[in-house]
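So the structure is just underneath, and the comments pick up after that.
2 protein chains.
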Amino acid sequence: MSSFRNMALHTDLYQLTMMQTYVQKGLQDQKVVFDMFFRSLPFGNGYAVYAGLEQIIDYLTELAFSEEDIAYLESLGFKKKFTELLRNFRFTGDVYSMREGEIIFPNAPVLTVEARIVEALLIETALLNIFNHQTLIATKASRIKQITGKKTTVDFGARRGHGPQASLYGARAACIGGMDGTSLVKAGNKFKLPVFGTMSHAFVQSFEKEEQAFMAYAEENEGNVVLLVDTYNTLRSGVPNAVKTAEKLKERGKTVDGIRLDSGDMAYLSKEARKMLDRSGFPDIKIAASGDLDEYIIAELENQGAAIDMYAVGTKLITAFDQPSLGGVYKLVEVEAQGKRNPRIKLSDNIEKIITPGRKKPYRIINSRTGRVEGDYITLADERVPEKGRNLLLFDPVNTWKQKTVEDFEAIELQEKVINKGKRIISRPEIEEIRSYRETALSRFWEEHKRKKNPQVYYVDLSADLWRLKHKMIEEMRSHFLKQQS
Amino acid sequence: MSSFRNMALHTDLYQLTMMQTYVQKGLQDQKVVFDMFFRSLPFGNGYAVYAGLEQIIDYLTELAFSEEDIAYLESLGFKKKFTELLRNFRFTGDVYSMREGEIIFPNAPVLTVEARIVEALLIETALLNIFNHQTLIATKASRIKQITGKKTTVDFGARRGHGPQASLYGARAACIGGMDGTSLVKAGNKFKLPVFGTMSHAFVQSFEKEEQAFMAYAEENEGNVVLLVDTYNTLRSGVPNAVKTAEKLKERGKTVDGIRLDSGDMAYLSKEARKMLDRSGFPDIKIAASGDLDEYIIAELENQGAAIDMYAVGTKLITAFDQPSLGGVYKLVEVEAQGKRNPRIKLSDNIEKIITPGRKKPYRIINSRTGRVEGDYITLADERVPEKGRNLLLFDPVNTWKQKTVEDFEAIELQEKVINKGKRIISRPEIEEIRSYRETALSRFWEEHKRKKNPQVYYVDLSADLWRLKHKMIEEMRSHFLKQQS
Numbered sequence: 210m211s212s213f214r215n216m217a218l219h220t221d222l223y224q225l226t227m228m229q230t231y232v233q234k235g236l237q238d239q240k241v242v243f244d245m246f247f248r249s250l251p252f253g254n255g256y257a258v259y260a261g262l263e264q265i266i267d268y269l270t271e272l273a274f275s276e277e278d279i280a281y282l283e284s285l286g287f288k289k290k291f292t293e294l295l296r297n298f299r300f301t302g303d304v305y306s307m308r309e310g311e312i313i314f315p316n317a318p319v320l321t322v323e324a325r326i327v328e329a330l331l332i333e334t335a336l337l338n339i340f341n342h343q344t345l346i347a348t349k350a351s352r353i354k355q356i357t358g359k360k361t362t363v364d365f366g367a368r369r370g371h372g373p374q375a376s377l378y379g380a381r382a383a384c385i386g387g388m389d390g391t392s393l394v395k396a397g398n399k400f401k402l403p404v405f406g407t408m409s410h411a412f413v414q415s416f417e418k419e420e421q422a423f424m425a426y427a428e429e430n431e432g433n434v435v436l437l438v439d440t441y442n443t444l445r446s447g448v449p450n451a452v453k454t455a456e457k458l459k460e461r462g463k464t465v466d467g468i469r470l471d472s473g474d475m476a477y478l479s480k481e482a483r484k485m486l487d488r489s490g491f492p493d494i495k496i497a498a499s500g501d502l503d504e505y506i507i508a509e510l511e512n513q514g515a516a517i518d519m520y521a522v523g524t525k526l527i528t529a530f531d532q533p534s535l536g537g538v539y540k541l542v543e544v545e546a547q548g549k550r551n552p553r554i555k556l557s558d559n560i561e562k563i564i565t566p567g568r569k570k571p572y573r574i575i576n577s578r579t580g581r582v583e584g585d586y587i588t589l590a591d592e593r594v595p596e597k598g599r600n601l602l603l604f605d606p607v608n609t610w611k612q613k614t615v616e617d618f619e620a621i622e623l624q625e626k627v628i629n630k631g632k633r634i635i636s637r638p639e640i641e642e643i644r645s646y647r648e649t650a651l652s653r654f655w656e657e658h659k660r661k662k663n664p665q666v667y668y669v670d671l672s673a674d675l676w677r678l679k680h681k682m683i684e685e686m687r688s689h690f691l692k693q694q695s
Numbered sequence: 210m211s212s213f214r215n216m217a218l219h220t221d222l223y224q225l226t227m228m229q230t231y232v233q234k235g236l237q238d239q240k241v242v243f244d245m246f247f248r249s250l251p252f253g254n255g256y257a258v259y260a261g262l263e264q265i266i267d268y269l270t271e272l273a274f275s276e277e278d279i280a281y282l283e284s285l286g287f288k289k290k291f292t293e294l295l296r297n298f299r300f301t302g303d304v305y306s307m308r309e310g311e312i313i314f315p316n317a318p319v320l321t322v323e324a325r326i327v328e329a330l331l332i333e334t335a336l337l338n339i340f341n342h343q344t345l346i347a348t349k350a351s352r353i354k355q356i357t358g359k360k361t362t363v364d365f366g367a368r369r370g371h372g373p374q375a376s377l378y379g380a381r382a383a384c385i386g387g388m389d390g391t392s393l394v395k396a397g398n399k400f401k402l403p404v405f406g407t408m409s410h411a412f413v414q415s416f417e418k419e420e421q422a423f424m425a426y427a428e429e430n431e432g433n434v435v436l437l438v439d440t441y442n443t444l445r446s447g448v449p450n451a452v453k454t455a456e457k458l459k460e461r462g463k464t465v466d467g468i469r470l471d472s473g474d475m476a477y478l479s480k481e482a483r484k485m486l487d488r489s490g491f492p493d494i495k496i497a498a499s500g501d502l503d504e505y506i507i508a509e510l511e512n513q514g515a516a517i518d519m520y521a522v523g524t525k526l527i528t529a530f531d532q533p534s535l536g537g538v539y540k541l542v543e544v545e546a547q548g549k550r551n552p553r554i555k556l557s558d559n560i561e562k563i564i565t566p567g568r569k570k571p572y573r574i575i576n577s578r579t580g581r582v583e584g585d586y587i588t589l590a591d592e593r594v595p596e597k598g599r600n601l602l603l604f605d606p607v608n609t610w611k612q613k614t615v616e617d618f619e620a621i622e623l624q625e626k627v628i629n630k631g632k633r634i635i636s637r638p639e640i641e642e643i644r645s646y647r648e649t650a651l652s653r654f655w656e657e658h659k660r661k662k663n664p665q666v667y668y669v670d671l672s673a674d675l676w677r678l679k680h681k682m683i684e685e686m687r688s689h690f691l692k693q694q695s
């Protein structure tokens with residue numbers, strides 16, 4: 210369920226029909242470059258959080274067709290000459306990627322593949338499938354965590370994810386993005402994430418009295434005693450019984466750790482419950498809230514001074530409810546022919562959808578005086594690294610009159626080589642490392658980019674050379690198109 | 210990636226802490242009954258399509274904890290007495306379910322579990338996770354297919370699903386719900402689904418001329434020659450080149466099967482393209498459309514007389530974009546204590562959220578005169594089957610004045626036993642059988658229930674005995690709650 214092996218057939222049929230065409234025409238060894246990126250930010254957020262790289266690497270480095278796969282393809286009518294090639298097929302290309310956990314923006318290449326055309330085509334579907342999912346959930350989680358701040362915030366969405374694997378890798382992505390843990394035990398085990406859990410209404414009801422249920426649970430789950438208080442009535446039954454339980458445990462030198470609210474007006478209930486707990490001498494009992502929460506509801510609760518210490522977020526996080534798709538794409542930017550590298554472009558009626566051609570390098574420009582990020586800056590791969598100490602002109606690639614000059618900056622290269630000739634060449638980071646990388650990366654951004662509503666648009670600019678290449682090619686394509694018509 | 214084995218830890222932590230509590234208190238063998246159902250229909254649709262049963266059965270019949278799972282749980286602080294029980298843990302209960310592909314409605318038990326409490330708790334998360342996902346996608350697919358009718362309609366969403374497994378089982382569910390096939394090769398192989406594919410813009414661009422790309426593809430993919438015509442300009446370049454390709458192939462006795470539109474105004478473009486193809490003597494070349502389609506856009510295209518023969522639906526289908534979660538729940542309805550079966554209920558401020566207690570049987574009432582469905586009718590498990598030939602009073606369980614009497618009817622029991630003492634007792638149906646079951650089931654409904662906007666609300670009624678039990682228990686719970694307060 211959780212492996213990314215055996216995924217050779219996890220591809221759209223057209224990748225295979227196109228591959229077959231190249232093979233039959235003897236064109237399969239053309240070297241190409243594809244960029245993976247996305248075009249617009251989800252949820253109206255000011256940034257996205259990159260997740261899924263580890264699974265992409267696993268998929269690429271273990272890619273192989275089984276005999277059963279090949280038999281199936283032959284049954285579909287694929288030709289022997291082509292399926293022979295698949296029998297020994299491996300991904301042998303190079304992959305450059307931003308680090309997992311990176312703060313990413315539209316139109317900057319997150320991951321770049323250099324490979325034979327047949328290899329580069331086959332992998333598109335799986336790469337986008339993994340990237341789109343995990344980056345979406347990580348971004349949603351980051352957005353939620355921006356609101357909850359230092360308060361423990363946990364993924365409770367397992368039952369509502371799009372199947373078991375979506376819940377499992379969704380939990381992973383959620384923790385990369387900012388969640389402090391998950392209720393999903395498998396995710397805790399597989400990714401070394403903190404796991405959280407309380408009790409259900411069914412549990413409380415299975416005892417004659419609420420108090421009995423609380424006491425039984427408390428006796429057997431020391432260190433993790435969070436009592437669900439809304440089965441009968443939160444303030445008239447649940448909280449008083451939680452207090453009674455806490456008093457009994459206190460006599461034995463033990464504690465109730467928290468209560469959980471799961472329905473009703475959480476602002477009011479939490480404040481009242483807090484008072485009751487404090488008055489009874491239990492200021493250390495924490496209050497957790499769950500039940501169809503998202504960043505908007507949590508922001509309202511926080512504005513109203515809700516006395517909530519911990520948030521559990523389910524459906525809205527794990528399904529990215531308000532925008533359940535990230536439109537990540539994977540586009541051809543260069544073809545090598547007769548030993549010459551030719552940048553490629555695809556036109557569109559919409560200038561913002563025109564692909565930036567060529568093998569490129571994305572940099573992040575950090576202002577050395579403030580330590581804050583000024584923008585991303587994309588150059589051609591063979592351009593010189595933007596030099597520290599010099600002035601750098603940043604200009605919007607569409608609205609070119611929008612410019613700024615950065616004087617004292619550092620340019621950090623965002624991609625690193627992660628796969629060399631089909632082999633992984635970076636170590637496997639723990640989620641904790643990815644989380645903390647994300648945290649540091651995000652801390653370099655101005656608050657204006659992190660705002661939940663109408664955040665400041667972040668600059669993703671092109672070097673002057675790259676901009677000129679792109680516009681030269683747009684002109685060439687126009688004339689190429691005229692030839693198509695003739 | 211695609212197996213539902215090894216899923217013992219795919220559960221929320223609280224299931225395990227509650228299980229441990231029951232084990233430590235010696236309560237683990239209590240027999241309980243849980244109902245799985247959902248409370249409201251997604252997308253404003255008039256019905257839902259049940260999918261995921263096969264994976265639920267696989268999960269339940271292969272459930273076991275590995276030594277590694279147990280070591281992990283012990284590292285979390287679970288006690289030996291409890292983990293010893295897990296070492297030989299199997300699901301040994303009985304499961305009753307509606308058939309996969311069934312047309313289902315809110316508040317009727319889709320699946321019922323009778324098991325020891327520790328078994329029944331553990332499985333909640335995975336059951337809901339599978340049910341919520343596949344039923345959601347099957348329902349979305351059915352909704353789309355209601356609009357496209359006999360026109361071939363295909364899942365193209367692989368790259369946008371929530372990870373590989375969501376795309377794979379999403380394709381399965383989409384075909385159960387109504388799609389005629391998928392672009393995802395793995396799904397075609399695993400579930401014996403028809404696979405569809407054309408070519409990409411990158412493919413067209415990798416040739417010097419569009420026409421060369423078309424010809425190369427056509428030569429190598431006989432029988433599946435669908436040409437993507439919007440890379441340069443649909444009407445001025447793509448369609449004319451498709452016609453040229455078709456003419457050349459015709460000389461060799463071969464054919465172009467279709468063209469694909471992927472951008473622009475599809476109503477206009479398809480009508481113009483149709484004229485061009487017809488005028489050139491190719492009335493058999495089909496026109497396919499793709500590009501962010503959903504049932505609303507397709508309905509508009511159809512209203513405008515678009516000449517589209519085939520629809521490919523991606524993101525909006527595979528993510529259930531407009532409502533990416535089905536709120537399926539799993540609720541305790543009966544506890545056996547001292548050999549006596551005690552129905553259970555859970556109150557709520559909202560009467561429609563109050564659970565219907567007890568072990569029940571759902572029936573579908575078919576009007577014998579019309580052959581059409583009148584409503585669902587839920588009885589207690591030990592009530593007599595509603596008798597054919599007698600009058601049956603159906604009344605809304607909330608608004609009890611809404612009543613109708615059905616005179617000549619047949620009552621079809623909706624659930625069958627699918628797992629007996631932990632063992633599967635039904636055969637494994639092919640997707641094609643599930644599809645055709647769904648098709649027949651849906652054909653018995655009035656058009657009013659299938660409408661895309663404001664469909665007629667379908668009756669899900671309770672027998673008089675069940676209704677009385679429920680209301681008696683609501684009263685008892687009220688007094689029980691008063692005792693909780695004392």
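First to last, the sequence lines map onto chains A and B. Under my numbering, the residues of the first sequence are numbered 210 to 695, in order. Under my numbering, the residues of the second sequence are numbered 210 to 695, in order. Virtual Cβ for every residue (Gly too), placed ideally from N, Cα, C.
Neighbourhood of S534(A) by C-beta distance below 6 angstroms, restricted to the same chain and skipping five residues each side: When the five nearest sequence neighbours on each side are left out, no beta carbon in the same chain lies closer than 6 angstroms to the beta carbon of S534(A).
Is K632(B) buried or exposed, if buried means 16 or more other CB atoms sit within 10 Å of its CB? Exposed is the call here.
Closer than 7 angstroms at the beta carbon, the chain B residues around L436(A): The contacting residues do not exist; L436(A) stays about 12 angstroms from chain B at best.
Using beta-carbon positions only, say whether M475(A) and Y223(B) come within less than 8 angstroms of one another. no
Are there 16 or more other CB atoms within 10 angstroms of the CB of S211(A), so buried, or fewer, so exposed? Any reading at S211(A) must be qualified, since the residue scores a pLDDT of 42, below 50, and its modelled position is unreliable; no value is offered.
Leaving out five residues before and five after D439(B) in sequence, what residues of the same chain have Cβ atoms less than 7 angstroms from its Cβ? G447, L470, D471, S472 and G473
Going along chain B, which residues have a C-beta under 7 angstroms from T154(A)? The question about residue 154(A) has no answer here: the residues shown for chain A are numbered 210 through 695.
Sort out for me which residues DSSP pairs Y520(B) with in a bridge. T362(B) and A498(B)
Closer than 8 angstroms at the beta carbon, the chain A residues around G386(B): Ordered by position in chain A, no residue passes the 8 angstroms Cβ test against G386(B), which lies about 15 angstroms from the chain.
Quick one: grab the DSSP three-state call for G467(B). strand
Using the three-state DSSP reduction, which class does D585(B) fall into: helix, strand or coil? strand
With which residues is F243(A) paired in a DSSP beta bridge? V322(A) and L541(A)
Assuming V615(B) and N576(B) are in contact, meaning their beta carbons sit under 8 angstroms apart, how far apart are those beta carbons, in whole angstroms? The C-beta distance from V615(B) to N576(B) rounds to 6 angstroms, short enough to meet the 8 angstroms contact threshold.
Helix, strand or coil for G390(B) per DSSP? In this structure, DSSP gives G390(B) an extended state, which the three-state scheme calls strand.
What are the boundary residues of the beta strand (DSSP E) that I628(A) is part of? Q624 to N629
With burial defined as no fewer than 16 other Cβ atoms inside 10 Å of the residue's Cβ, what is the status of K569(A): buried or exposed? buried
With DSSP collapsed to three states, give me the class of D670(A). D670(A) carries a strand assignment under DSSP once its states are collapsed to helix, strand and coil.
The beta strand (DSSP E) enclosing M216(A), as first and last residue numbers: Note, M216(A): premise wrong, no beta strand (DSSP E); not H, not E.
So, for A515(B): in the same chain, excluding its five sequence neighbours on each side, which residues have a beta-carbon less than 8 angstroms away from its beta-carbon? M475, A476, S479, K480 and A498
How would you list, in chain order, the residues of chain B whose beta-carbon sits under 7 angstroms from the beta-carbon of S376(A)? N338
Quick one, which residues of the segment 516-533 of chain A are near chain B if we go by CB-CB under 8 angstroms, in chain order? Answer set for the segment 516-533 of chain A: T524, T528, A529, F530 and P533.
Could you spell out where the beta strand (DSSP E) holding Q612(A) opens and where it closes? Residues Q612 to V615.
Could one say the Cβ of D221(A) lies closer than 8 angstroms to chain B's Cβ atoms, at least one of them? yes
Quick one: what's got a C-beta closer than 8 angstroms to K555(B)'s C-beta in the same chain, skipping five residues either side? The residues are K540, L541, I563 and I564.
Please tell me whether F604(A) has its Cβ less than 8 angstroms away from any Cβ of chain B. no
CB contact check: M442(B) to chain A, cutoff 8 angstroms: Sequence check: residue 442(B) is Asn here, not Met. It does; some Cβ of chain A falls within 8 angstroms.
Taking any Cβ of chain A, which residues in the segment 404-423 of chain B have a Cβ under 7 angstroms from it, in chain order? When CB distances to chain A are screened at a threshold of 7 angstroms, the residues of the segment 404-423 of chain B falling below it are V404, F405, G406, T407, M408, S409, H410, A411, F412, Q414, S415, K418 and E419, in chain order.
Cβ pair count under 8 angstroms reaching 3, the segment 312-324 of chain A against the segment 234-248 of chain A: yes
If we ignore side chains and look at the alpha-carbon of each, how far apart do T609(A) and Q665(B) end up? 55 angstroms
Neighbour flag for H680(A) against chain B, beta carbons, 8 angstroms: no
M307(A): first and last residue of the uninterrupted beta strand (DSSP E) it sits in: D303 to M307
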